[in-house]
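Visitor: One structure is given below, represented as structure tokens, and several questions about it will come after.
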Amino acid sequence: MNIVEQSREITPINFPKLNTELWRYRDEPGRLIPLLQSAQETYGYISETTIKYISGVTRIPESEIYSVITFYKQFRLRPLGKYLIRLCDGTACHVNNAKTLKEIVEDELQLEGNDTTEDGLFTLEMVACLGCCSLAPVIMVNDQTYGRLTPQKLRKTLRKYQKQEKTEAKSQ
Ligand code: FES
């Protein structure tokens, strides 16, 4: 697919910010990271099409773009799940067993090294502080905060969302 065809896929209409930045910064060194941030901000992740498009405009090889994306943890190659689980590993949560909670999330959701479940429902993101340290250890699921978590409470919380999803799926 040539650059014209690619630019039709991500048109200035549905992707105005990235387009503006792409063409403005296409010849500047060090432009790739802000461009990728902009793409992710717009789409929630960086798709193959986006990578091809950025590569076409900037002339940075796709392989180089992939290396940058996989090097920096902030970038995602898959869309965010319906439920974004933010698990805090800031100091207060860290000393209150955040590591164990992370293992429980990975186990319950069978993440197997990925940050998003196969069905695209859950994404796990580690964060530095959720701003409610007195409730440590804390997670957020979308906008809902769950504090003073124990392994049991965490499993129960995750299962509640899984059950909710199953019920919704059945009713459709
Ligand atoms: S360290 Fe976890 S909420 Fe602040």
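All residue numbers for the sequence shown refer to my numbering, where the first residue is 20 and numbers rise by one.
Cβ atoms here follow ideal geometry from the backbone N, Cα and C, with glycine treated the same way.
(1) Output needed for I70: all residues of its chain with C-beta closer than 8 Å, excluding positions within five of it in sequence on either side, in chain order.
(2) Taking DSSP as the reference, what is the three-state secondary structure of C107?
(3) Report buried or exposed for F141, applying the criterion of at least 16 other Cβ atoms within 10 angstroms of its Cβ.
(4) Residues bridged to V160 by DSSP?
(5) Can you tell me the Cα-Cα spacing of C107 and Q93, whole angstroms?
(6) Examine the ligand FES and report whether any of its heavy atoms sits within less than 6 Å of the Cβ of G166.
(7) How about G166 and L154: do their beta carbons lie closer than 7 Å?
Guide: Reading it off the structure:
(1) Within the sequence shown, numbered from 1, the residue matching residue 70 stands at position 51. E81, I84, Y85, I88, listed in sequence order.
(2) Position 88 of the sequence shown, counting from 1, holds the residue named residue 107. Three-state result, C107: strand.
(3) As a position in the sequence shown, residue 141 is number 122, starting the count at 1. F141 should be labelled buried.
(4) The residue given as residue 160 occupies position 141 in the sequence shown. Answer is I104, Q163.
(5) Counting from one through the sequence shown, the residue named residue 107 turns up at place 88. Counting from one through the sequence shown, the residue named residue 93 turns up at place 74. Whole-angstrom Cα-Cα distance: 15 Å.
(6) On the sequence shown, position 147 is the one that residue 166 refers to. No, the ligand FES has no heavy atom inside 6 Å of this Cβ.
(7) For the purposes of this step, residue 166 is taken as residue 147 along the sequence shown, with counting starting at 1. For the purposes of this step, residue 154 is taken as residue 135 along the sequence shown, with counting starting at 1. In this structure, L154 lies closer than 7 Å to G166 by Cβ.
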